[in-house]
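The structure under discussion appears below in the form of structure tokens.
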Amino acid sequence: AEHKMKLQMASVTDGKTGIKDASDQNFDYMFKLLIIGNSSVGKTSFLFRYADDTFTPAFVSTVGIDFKVKTVYRHEKRVKLQIWDTAGQERYRTITTAYYRGAMGFILMYDITNEESFNAVQDWYDTQQRHKPRRSFWGLSGNVCEVEEGRIIGNNREKMGKIQKRFDFFEASAKENISVRQAFERLVDAICDKMSDSLDTDPSMLGASKNTRLSDTPPLLQQNCSC
Ligand code: GTP
Ligand code: MG
């Protein structure tokens, strides 16, 4: 049984230490974060850069959903980030939107060389809003910002339209490791700030996220598993 459990645990990587151990319950808080946006904008690359500091030029489109775990420290507290990487392809939309629930932070991504991906930003946001979310924090990331040619979307915040106010906007590059860590850390900081603000008025905010158990297998996949 122990052997079997180890195998299961190997599906989750702790990006900080490289130790594969999803059963590690030694943390103070767990934040669930999601990366969403059109296919091929670089969501998976962004997560791999953050969690494992790797990048591959080959494009392997995500099937359904996946996640990685990374631990950060804030105010001497150990914060475990469970970061879900969603498939951008339309056909997985039913699966991926099922994971919006309970997410505390979103990174909505487009590719600055891909106009369609930028035009889709509002739709991604609206879809999440339709899922009756609890209060969540948002980063808007224009990925592939390292390119010298091929930029289509400018980096002027004002042009982002009215939704820009909701987002912490930045341009980034998973390839060149520009603003990747910052993107996640700003979300974490925003969630931490909100938590300390609301502890007096709303203790349930803390209870909701404290020592939430990580499961080894994404719940939806478990349901569909026939074995
Ligand atoms: P789906 O899983 O289909 O939703 O796509 P995705 O958003 O996860 O895209 P993915 O991370 O797989 O990246 C798509 C392609 O873009 C890959 O070939 C990556 O190598 C490339 N890519 C990702 N980030 C960057 C970047 O910052 N700069 C450049 N030049 N290429 C990038
Ligand atoms: Mg992907």
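Residues in the sequence shown are numbered consecutively from 30, following this note's numbering.
Ideal Cβ placement from N, Cα and C applies to all residues, glycine included.
For this session: Please state whether DSSP places Asp222 in a helix, a strand or coil.
Result: Three-state result, Asp222: helix.
For this session: State yes or no: is the C-beta of Tyr79 within less than 8 Å of the C-beta of Lys99?
Result: yes
Problem set entry | DSSP three-state assignment for Gln211, whether helix, strand or coil | helix
For this session: State the beta-bridge partners of Gln26 as determined by DSSP.
Result: Examination of residue 26 is not possible in this model, given that the chain is present from 30 through 256 alone.
Problem set entry | DSSP-derived helix/strand/coil call for Leu235 | Residue placement at Leu235 cannot be trusted, given a pLDDT of 46 that sits under 50; what the coordinates show is reported in the next sentence. It is helical.
Exercise. Between Ser90 and ligand 2, is the CB less than 7 Å from at least one heavy atom?
Worked result: Correct: Ser90 has its Cβ closer than 7 Å to ligand 2.
For this session: Pick out whichever of Tyr102, Asp81, Thr115, Arg103 has its Cα sitting closest to the Cα of Ile94.
Result: Thr115
Exercise. Are there three or more Cβ pairs, one per stretch, closer than 8 Å when the region 177 to 185 is compared with the region 202 to 214?
Worked result: Short answer: they don't touch.
Exercise. Are three or more beta carbon pairs between the region 126 to 134 and the region 71 to 87 nearer than 8 Å?
Worked result: In this structure the region 126 to 134 does not lie against the region 71 to 87, because fewer than three pairs of beta carbons, one per stretch, are closer than 8 Å.
Exercise. According to the neighbour-count rule (16 or more other Cβ atoms, all chains shown, within 10 Å of its Cβ), is Ile141 buried or exposed?
Worked result: buried
For this session: Taking Ile181 as part of the alpha helix (DSSP H), name the residues at either end of that continuous run.
Result: Ile181 -> no alpha helix (DSSP H), and no H or E assigned at all.
For this session: Quick one: residues in its chain with C-beta nearer than 7 Å to the C-beta of Leu76, no 5 flanking neighbours on either side, listed in chain order?
Result: Ile64, Lys97, Ile112, Asp114
For this session: May I have a chain-ordered list of the beta strand (DSSP E) segments no shorter than 3 residues that lie completely inside the region 132 to 176?
Result: 134 to 140, 166 to 172
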